[in-house]
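Its first residue numbered 0, the sequence shown is counted upward by one per residue in numbering that gives the first Met the number 0.
All C-beta atoms in this analysis are idealised placements derived from N, C-alpha and C, irrespective of residue type, glycine included.
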Amino acid sequence: MTKNEFKKTALGGITNNPVFVLVLGMCPTIAKSDNVINAVSLGLCTAFVLILSNVIISLLRKVIPDKVHLPAYIVIIASLVTFVQMVVSAFLPTLNGSIGAFISLITVNCIILGRAEAFAGKNKVLPSLIDGVSMGLGFVASITLLGAVRQGLTAAFGSGFFDKTMGGFIVLGLMMAVFNAIFAYARERAKKRAALIEREA
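What follows is the structure, encoded as structure tokens:
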């Protein structure tokens, strides 16, 4: 794994943020970002499954036949999700009451299946681990930020609009616009800096 490949993979959770850029996992993102606690909790559960599934799928990538790779991925992910759900149900019953139904849906979360298909099934363990950590943390950060903004707006306006689905979509859309504008500006600055260095050389 070269230095550039490591950097690109490690920064994937930012440059290809699963929520703000790739627009994946919208159902749990909108449904459980109504407050910070739910957002962080679901984000961490998803990240845990994403990281471990990436590692396991990478380890088994040469063993799993191509014709059944997708069902095999789902079985691996579903097993990890079942473990997470059992732990949450046993030790965190209050949390299980608020996000329990959405933990089950992690099995078919496009973020996890997408990384398994696009990355873990084609790469070695270390890059897959780094990709899982990067994308997992990227998801945790984005859903937590969304939850914090929605909760703050709800408290500021004294209205329940922003913790409802429509309010969530509006806030997410505005945050996506801001996120992508910042990165477009950063890319433009990087191009100008590279061009300036090239002229000076």
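#1: Between Ile56 and Gly120, which are expected to be in contact by the criterion C-beta below 8 Å, what is the C-beta distance as a whole number of angstroms?
#2: How would you write the range of the alpha helix (DSSP H) that Met134 sits in, first residue to last?
#3: When you compare only the Cα positions, how much space is there between Ile98 and Gly24?
#4: For Ala77, which residues of its own chain have a beta-carbon under 6 Å away from its beta-carbon, when the five flanking residues on both sides are left out?
#5: When the Cα atoms are used, what is the spatial distance from Thr8 to Glu116?
#6: Classify Thr81 as buried or exposed, calling it buried when 16 or more other Cβ atoms lie within 10 Å of its own Cβ.
#7: Helix, strand or coil for Met165? Go by DSSP, reduced to three states.
#8: Do the segment 137 to 151 and the segment 34 to 44 touch if we need at least three Cβ pairs shorter than 8 Å?
#9: Going by C-alpha to C-alpha distance, which of Val22, Gly11, Leu10 and Ser32 sits closest to Gly151?
#10: If distances are taken between C-alpha atoms only, which option among Val170, Asn53 and Pro92 comes closest to Phe19?
#11: Give every residue of the same chain whose Cβ lies closer than 7 Å to the Cβ of Asn122, excluding the five residues on either side of it in the sequence, and list them in chain order.
#12: Determine the burial state of Ile110: buried for a count of at least 16 other Cβ atoms within 10 Å of its Cβ, exposed for fewer.
#13: Taking the straight line between their C-alpha atoms, what separation do you get for Asp162 and Ile13?
#14: Pop quiz: Pro17 and Met174 are said to be a contact at Cβ under 8 Å. What is the actual Cβ separation, rounded to whole angstroms?
#15: Is it buried or exposed, Thr164, if we count other Cβ atoms within 10 angstroms and call 16 or more buried?
#16: Confirm, please, whether the CB-CB distance from Ser127 to Phe138 is below 8 Å.
#17: Measure the beta-carbon distance from Gly131 to Ile50 and round it to whole angstroms, keeping in mind my assumption that it falls under 8 Å.
Judging by the given coordinates:
#1: That pair is a contact at about 6 Å.
#2: First-last of the alpha helix (DSSP H) with Met134: Val124 to Phe156.
#3: In this model, Ile98 and Gly24 are separated by some 15 Å (Cα to Cα).
#4: Here Ala77 has Thr106 as same chain residues with Cβ atoms under 6 Å from its own Cβ, once five neighbours each way along the sequence are excluded.
#5: Each residue's alpha carbon lies about 15 Å from the other.
#6: When all chains shown are included, Thr81 counts as exposed.
#7: The answer is helix: DSSP assigns Met165 an H, G or I state.
#8: A contact exists between the segment 137 to 151 and the segment 34 to 44.
#9: Among Val22, Gly11, Leu10 and Ser32, the Cα nearest to that of Gly151 is on Ser32.
#10: By alpha-carbon distance to Phe19, the top candidate from Val170, Asn53 and Pro92 is Val170.
#11: Within the same chain, Cβ atoms closer than 7 Å to the Cβ of Asn122 are found at Ser57, the five residues on either side in sequence being excluded.
#12: Buried.
#13: Distance from the CA of Asp162 to the CA of Ile13, rounded to the nearest whole angstrom, comes to 25 Å.
#14: About 14 Å separates the two Cβ atoms, so there is no contact after all.
#15: Of the other Cβ atoms in all chains shown, fewer than 16 fall within 10 Å of the Cβ of Thr164; this residue is therefore exposed.
#16: Phe138 is not a Cβ neighbour of Ser127, given a cutoff of 8 Å.
#17: Ile50 and Gly131 do touch by the CB rule: their CB atoms are close to 4 Å apart, below 8 Å.
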